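Chains as they are written, first to last, in the working numbering: chain A, 1 to 206; chain B, 1001 to 1206; chain C, 2001 to 2206; chain D, 3001 to 3206; chain E, 4001 to 4206; chain F, 5001 to 5206; chain G, 6001 to 6206; chain H, 7001 to 7206. Worksheet: the structure to be examined is printed underneath.
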Ligand SMILES: Nc1ncnc2c1ncn2[C@@H]1O[C@H](COP(=O)(O)O)[C@@H](O)[C@H]1O
Ligand SMILES: Nc1ncnc2c1ncn2[C@@H]1O[C@H](COP(=O)(O)O)[C@@H](O)[C@H]1O
Ligand SMILES: Nc1ncnc2c1ncn2[C@@H]1O[C@H](COP(=O)(O)O)[C@@H](O)[C@H]1O
Ligand SMILES: Nc1ncnc2c1ncn2[C@@H]1O[C@H](COP(=O)(O)O)[C@@H](O)[C@H]1O
Ligand SMILES: [Mg+2]
Ligand SMILES: [Mg+2]
Ligand SMILES: [Mg+2]
Ligand SMILES: [Mg+2]
Ligand SMILES: [Mg+2]
Ligand SMILES: [Mg+2]
Ligand SMILES: [Mg+2]
Ligand SMILES: [Mg+2]
């Protein structure tokens, strides 16, 4: 079994038929299945044909089957800057949970109102690994990393407009941060951030 | 006299002869002259031929003549993130001073070590206009603006490497800030930031 | 109260439910609320559930609640180049008004027909702060700034096609202007330009 | 003879030997030869081996042989914004002259100081074709075109820094101009602009 | 009257009401009106309210009113590479015709099948000014210009996919052509190309 | 002490004087100091003035002072694709070592010759955290990650030419990898990759 | 007959009427016709009017008429990385088949799970020419080429999100591969890849 | 032996010591060695230490050892547009020759003067595989491909200035060509083009 991972399906660009077939096949032999980027439209078409215990999460567009009785490991914090960044943050959180981790959520803490972030310093400092999702406030990853000693996985989101260039601005800001202990995943890749955080958090179990 | 401005010469791309001739001509009829982007090499060639009271500032590569007896107006703060950003910050400060303003300097306050910035909160909050110069820590403009009520003029610098893309990353980060009260000038344009801050600070004298 | 600002909500990427809930909550404790980038579709869904005195402005897609009895300060001029730039210009003007400023509007003054702009020279020269919104005519900010002594806040708009690259061309043109006293906000960020202009115009009241 | 053109050699990327050989060969059979982008270093190496009547123009880096007794046609005006744009403007002017045109020069007329341009309105309106070279003031092409009825050939120059992106900003600004009667050549392509202007100015002689 | 031009309206980004009002107002005082980039949807809404002699051209999305009795001047050729480039070519042709020129059309002559172009050499060589519109075959402008002595106005189109980047590839190819006598307008700017060609073709009438 | 980190100085853009002064000051109060991006030229100027136990590593351009008697933790592997990528890989390795880790090196294992990589599978699978540095072979990070369960920190390098665009190509390739458990740092940021790997490897000691 | 090729029509940007007319005309004089990028919507409109033996392939959006009795030449392998890349792979395969080649398909072999690819080594090594289509796993082309001696035609696909930039990331990765024997076609250009492979595979028949 | 290939060393980014050591080691066990991108400076330093039969080609910066007695296969033509493109073309030709092919050279055939190319039609049509190298005349690949039935390997070169963007313009033009039978390698990658051509030309010997 690769990495003790759940099976993960990349939903985008697959037809409704393909999704149905893959999920049902995987569901037979696996306790945990995750489909990312599954649009609400496709889900609506196929929901009747999916296993009964498949749960669809609307904003992160994720389908989750979780029949495993995992002992979840605490240690992961997922933070995000604006309301519009929550779907990506939620994709990260769901992924990390499905991989056997307990996830704290700290949403809507922007850099423009720093005090809200500083108020949560104890929570931030308790985390072993932190995921930061932000589109217009790419700065958040740098600020958070400066406040803690934990490794930070930064996810730029495509939230924003104009010179945000669909997440490029946040991506570049995160890559250029002077704070050490930050690494970055693809724009909107909440899944990748959550999986990386999970692998780090459970590293000593290998 | 346009704007009560000093005469400003854009030094880059001009030959040594052109600079000498322009500065001497302007110097005859003006109390204040500023040459920006004058390389140390060109300055070395022409220093003997310039007016005696012309002062060359090496790191910001600026030549300044200031014979005016201005009453300087307090209110401008120039902040920058890293040591390598200081030439641009200094260009802004020199410009604002030459335009009749008193300038506080707050250098080397990065986002990665937030406490150094927070320690200076009183100084930040006292400023009427703030210039923030940063290359790798484009986030600084956003953080500063979130802490104060004063308008912030952000100058991205070309300091950095790799995905900083010669200042593009900082430029984009500054443009996308969610904090209101930020506007941005060209990469490395300390002059433009200083002039804008000066105009704002002395607005009610018009 | 941060900056004597109205409460501002970034409408894009929020669900109808989120908008309704935030506006109603803010409306209870605030005299002034602004929602930017609220699409006509979302507004149509929620209009019945919003406070009665909430006014929706269609082209700038802005929802405004203003129960404050502000003495408005004159001094701001908002100019734009083409008819298609007016929504952004209007977002700037509404923002500045809500922040206690009187706003003059000078719309449809392009660079291609310079005389229309020159005819308004007295109006331009009377302004204390000028906002210039332009997409295809990024040149306008530079030309206006050259004609006046007031600081200019330039807003590139995404109006145009082809090599306008959704506002990038105007953004770059504005950043490279040789005229001093220009600073730039994000593409289509009328809100940011209006807020910056308001802060500058009321600076001496702090 | 193609187009009644002089022979033109693209000097960049050719070795000293290649230049010498090509120029001498062309010089035997042609009254007019133009080498563009010939660096001062290469010229210094080969000057003794070139025909006696070859003239090297330093700032535009152009080598010109002109033994033709052309009746020059008036009608072309070459304008540029800043001192640093003159080499490109001069390349355009030399090219047009070598192709049998009389060229007026109007240098150092920026948009930031519009009055200098407006003072020359009669000169601008007399031209049949206008070349505008500008780097930081890409706006100039648009403003000039708005003032005249003549076709304008715009040449962006690589003058500038930061977000000028080596002429890209000026190129985009010129392409997006709303004024009709503008077409654009490559960044720093003074030769191309001069040749196009010459072809247009002498069109009815074909 | 500026340039003896028809009145031209940029249709994109204007509401149906704005278009109707502008066209009717202009139609009262002008013999010729052109609206570019008017979508079929907007046209369908307002057709009843427009002047009876307004003609809508579907593929180039242009509305034309032409009551002038112009003596048309021969000399303009409009060429394009693929079927999908014809709307832009047609916008150029309509514009030039409305400005008093006779326009030859040479459509569907690609570089991949050079013989079709070479077969039309006499037609190409007869033209005084040539417009070349191409998206995937940006090379066409260069090839045509190499075959003729007339000035070429090149219009990149957004036709293509992948690395065509919505016309950027064709734009760059056209700007870099080694052939002299080419100048370029904005991507999809058939109007600009047609107007430039018209101005050149009628230059000696000024 | 923040993170039990050594003190780290960003050498680029600092003058020789600044480096000397900072290193000597830090050296007094710290057992470990690291200067990154210190050019050989600057080092040659100042070597006499630095502490005797400062060691300069030429290819990674790093100055290291290490007087700590750390018990190094095994678990980190640094791999790179080509010979030209080794300076960046070495910067990562030095950083991780200075932070108390034992580092295995696996250099010159490209994707074009997969067998060399597959031969080292046992070594790869033993690592707890892997750093992969590659410029032309951005693919390597993806391939390595697919072969192991350990988290992979990918560092794009600026090695390459043409469409490598100074590391951009490798950066994008790494961000888009489908393999989960990869996160990316800035182009050429060996330091950042090494620090991140060190933090992950020693996570359970916190 | 150019190249013994089937007639090929680029369906994108053509109206339903244009497609119908072209296909029927070509169908009269040709045994083989291929229409690429024909949307399902347009096909639905015109299917009744097309020749009876025209077959529409939905995912690759290709219309094929094949009445030739070709002896197909073995030797081409088409591989792709993800399910979402199959339409492009299929376009390549259909094209090569229509040009008289036998095509093996090897779909869904990603780099993240290398063993699936290595399991097919005999199949890979038997091919004379290989087409590799991939969007998120641009690395695949490099890996395949490293395993075989056959020339590889790489097709980047626009599959992906965020920093895939619609295929740009895969395109760059493929261009920078160190493995020799790779050449690249446009993003999503399955047709071009298939045609190139076909020409190479049948080269000795010329 | 991988592919019957000579051993190839990528010279760029390797130190003089590394080159010397690698070449001498490879030279012992191989009849053919190629070092690409070896600068004249490095070569000058190490020439005495290299095998006596190593030949350095200055403009393509290639070091070649060829002791094999290959029967060369005719069929490859290398064409290029401008004099400045010849180093890249020559790198391709040397590579193909070293791999056992006879190479025809057709240099300095631009699109601007089409007749020179058309004069060589018989030579073009005789080739089995064609390499086309061009920087400013990216169009050449498309034109050549349209004239012949052979597969064309296109190499964009970084020759040009301004909007050539160091070869990007030529790269995009080549990728977008409508002619089928073109595939593209990296900017300035003469080696890759030559190797691909050689593999295709000798395909039936496998
Ligand atoms: N949102 C996502 N972004 C990037 N990679 C993903 C995502 N979702 C799934 N994957 C990866 O894609 C693989 C499944 O791809 P597929 O077989 O095409 O469904 C998984 O093993 C993951 O590694
Ligand atoms: N560093 C600078 N960046 C941008 N604009 C500048 C700079 N220095 C001077 N300028 C502007 O350039 C004008 C002078 O240009 P010039 O006549 O070419 O010397 C001044 O009036 C300033 O507005
Ligand atoms: N159109 C806009 N562009 C940029 N920032 C905005 C805009 N509208 C609101 N904001 C900022 O976003 C904040 C509200 O964000 P949120 O809490 O996500 O609604 C406000 O305080 C503003 O600073
Ligand atoms: N100019 C070049 N461009 C791209 N790849 C090259 C070049 N020269 C050599 N290579 C490849 O690089 C490999 C050698 O890389 P290295 O071991 O780093 O010298 C060779 O096998 C070639 O596949
Ligand atoms: Mg930290
Ligand atoms: Mg603030
Ligand atoms: Mg002004
Ligand atoms: Mg005009
Ligand atoms: Mg011509
Ligand atoms: Mg793995
Ligand atoms: Mg191979
Ligand atoms: Mg062909």
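Cβ atoms here follow ideal geometry from the backbone N, Cα and C, with glycine treated the same way. All figures in this text were calculated on a predicted structure; none of them were measured in a lab.
Exposure of residue i, with buried meaning 16 or more beta-carbon neighbours within 10 Å
| i | result |
| --- | --- |
| residue 6001/G | Note that residue 6001/G has pLDDT 34, beneath the 50 cutoff, so the model's placement of it is unreliable and the number below is only indicative. Per the 10 Å Cβ criterion, exposed. |
| residue 3166/D | buried |
| residue 2101/C | buried |
| residue 5091/F | buried |
| residue 1055/B | exposed |
| residue 7047/H | exposed |
| residue 2122/C | exposed |
Any C-beta of chain D under 8 Å from that of residue i
| i | result |
| --- | --- |
| residue 1001/B | Residue placement at residue 1001/B cannot be trusted, given a pLDDT of 34 that sits under 50; what the coordinates show is reported in the next sentence. Residue 1001/B does not count as touching chain D. |
| residue 2147/C | yes |
Any C-beta of chain H under 8 Å from that of residue i
| i | result |
| --- | --- |
| residue 4176/E | yes |
| residue 5083/F | yes |
| residue 5159/F | yes |
Cutoff 8 Å: residue i Cβ touching any chain F Cβ
| i | result |
| --- | --- |
| residue 1204/B | no |
| residue 7167/H | yes |
Residue-level contact to chain G via CB, residue i, 8 Å cutoff
| i | result |
| --- | --- |
| residue 4162/E | yes |
Chain C within 8 Å of residue i, Cβ atoms only
| i | result |
| --- | --- |
| residue 1011/B | no |
| residue 1186/B | yes |
Min CB distance residue i to chain B below 8 Å
| i | result |
| --- | --- |
| residue 3129/D | no |
| residue 5046/F | no |
| residue 2192/C | yes |
N- and C-terminal bounds of the beta strand (DSSP E) containing residue i
| i | result |
| --- | --- |
| residue 6130/G | 6129 to 6134 |
| residue 2121/C | Careful: residue 2121/C lies outside any beta strand (DSSP E), inside the alpha helix (DSSP H) at 2121 to 2126. |
Opening and closing residue of the alpha helix (DSSP H) in which residue i lies
| i | result |
| --- | --- |
| residue 7025/H | 7016 to 7029 |
| residue 7005/H | Premise fails: residue 7005/H is in no alpha helix (DSSP H) and is neither H nor E. |
Counting only runs of 4+ residues fully inside the segment 5038 to 5095 of chain F, write out the alpha helix (DSSP H) ranges in chain order.
-> With a minimum length of 4 residues, the continuous alpha helix (DSSP H) runs that stay inside the segment 5038 to 5095 of chain F are 5040 to 5046.
If you pair each beta-carbon of the segment 4179 to 4190 of chain E with each one of the segment 5005 to 5018 of chain F, do three or more pairs fall below 8 Å?
-> Flag = no, the segment 4179 to 4190 of chain E and the segment 5005 to 5018 of chain F do not touch.
Length at least 3, wholly inside the segment 7141 to 7179 of chain H: the beta strand (DSSP E) runs in chain order | Counting only runs of at least 3 residues, the segment 7141 to 7179 of chain H fully encloses the following beta strand (DSSP E) elements, listed from N- to C-terminal order: 7152 to 7156.
Does the pairing of the segment 7165 to 7179 of chain H with the segment 3196 to 3206 of chain D give three or more beta-carbon distances under 8 Å?
-> These segments do not touch.
For the segment 3098 to 3118 of chain D and the segment 2141 to 2161 of chain C, state whether three or more C-beta atom pairs, one from each stretch, are separated by less than 8 Å.
-> A contact exists between the segment 3098 to 3118 of chain D and the segment 2141 to 2161 of chain C.
At least 3 beta-carbon pairs within less than 8 Å: the segment 117 to 135 of chain A vs the segment 68 to 77 of chain A | Segments in contact, yes.
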